[in-house]
Amino acid sequence: MLKKIIPAVCLAVLVFGGVIKAGYWYPISVNSSWDYEGYFKADPKKTLKVKAVIAEEREIDGKNYFFYNVPGFDVRFFVRTEDDGGYMKLIRYPYPLFKFLSYDVVLKKEVLFVKYPFVAGEKWHQETQAAAMLWPIVINRKVKMDFETVEVKKVLFKSEEKDAWHVRIVMDQGDGKPKEENHWYIDGEGYVGGETAEHKVMQSGLKFKD
3 MLKKIIPAVC LAVLVFGGVI KAGYWYPISV NSSWDYEGYF KADPKKTLKV KAVIAEEREI
63 DGKNYFFYNV PGFDVRFFVR TEDDGGYMKL IRYPYPLFKF LSYDVVLKKE VLFVKYPFVA
123 GEKWHQETQA AAMLWPIVIN RKVKMDFETV EVKKVLFKSE EKDAWHVRIV MDQGDGKPKE
183 ENHWYIDGEG YVGGETAEHK VMQSGLKFKD
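When you read off a place in the sequence shown, starting at 1, and then add 2, the result is the number in my numbering.
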């Protein structure tokens, strides 16, 4: 989709005499867009090209979230950023999450899915109640997530060398069967790619160096 912290990290990072804000780590605003290439592991030879967009800003439970949408694939997230990290409130997936087809999963307590500044080795834990909205049925599950900022790697992104941060998630969706996801972020670019048991996706123009 985060509160055991080792070690405690200063959240205010000074650069050029100023404090880096959330918009630097994970820049999002209405009409922002990203181009990705990837595939479903059931059909790895079929490369898919998709565009993700921030369609709108919406208030949920008194907080403003950005609607991150992938048209045509029924993927969407409601996310917001603070200076300490990125938070997620609602998810929609195009593949089964709780043994059903695509539907909304509302997180009753938002999840801190990425922490700023990135620090290799930092771990945190999150728990929330997830309400699967399969009208007219609502299925509630307790979700547990363990996060770790694993490492930083040099990549080529749009012909420039960048640091890409690897964040691993091990998630128990309430069925006692933990699943692992691995995601990559670049300072100033936000989410640039990831891999789950079902799919792999990377932002166009991203190459890992040997």
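Note that CB positions come from ideal geometry on N, CA and C, so glycine has one too.
Query: With 16 other CB atoms within 10 Å as the buried threshold, where does HIS127 fall?; Result: exposed
Query: Among the candidates GLU150, LYS53, GLY190, ASP45, whose CA atom is the shortest distance from the CA of GLU39?; Result: LYS53
Query: Quick one: which unbroken beta strand (DSSP E) runs of 3-plus residues sit fully inside the stretch 137 to 166? Chain order, please.; Result: 139 to 159
Query: Could one say the Cβ of MET147 lies closer than 8 Å to chain D's Cβ atoms, at least one of them?; Result: Here chain D cannot be found, since the structure has a single protein chain.
Query: Can you name the start and end residues of the beta strand (DSSP E) that SER35 belongs to?; Result: 35 to 42
Query: Restricting to Cα atoms, I'd like to know which of ASP63, GLU183, TYR28 is closest to VAL203.; Result: GLU183
Query: My understanding is that THR151 touches PHE120, with C-beta atoms under 8 Å, so please give their C-beta distance in whole angstroms.; Result: 5 Å
Query: Compute the Euclidean distance between the alpha carbons of LYS117 and ILE171, then round it to the nearest angstrom.; Result: 13 Å
Query: Please list, in chain order, all residues of the same chain as LYS146 whose beta carbon is under 6 Å from its beta carbon, the five residues on each side excluded.; Result: GLU129, ASP174
Query: Can you tell me the Cβ-Cβ gap for GLY190 and PRO29, rounded? I've got them flagged as a contact below 8 Å.; Result: 7 Å
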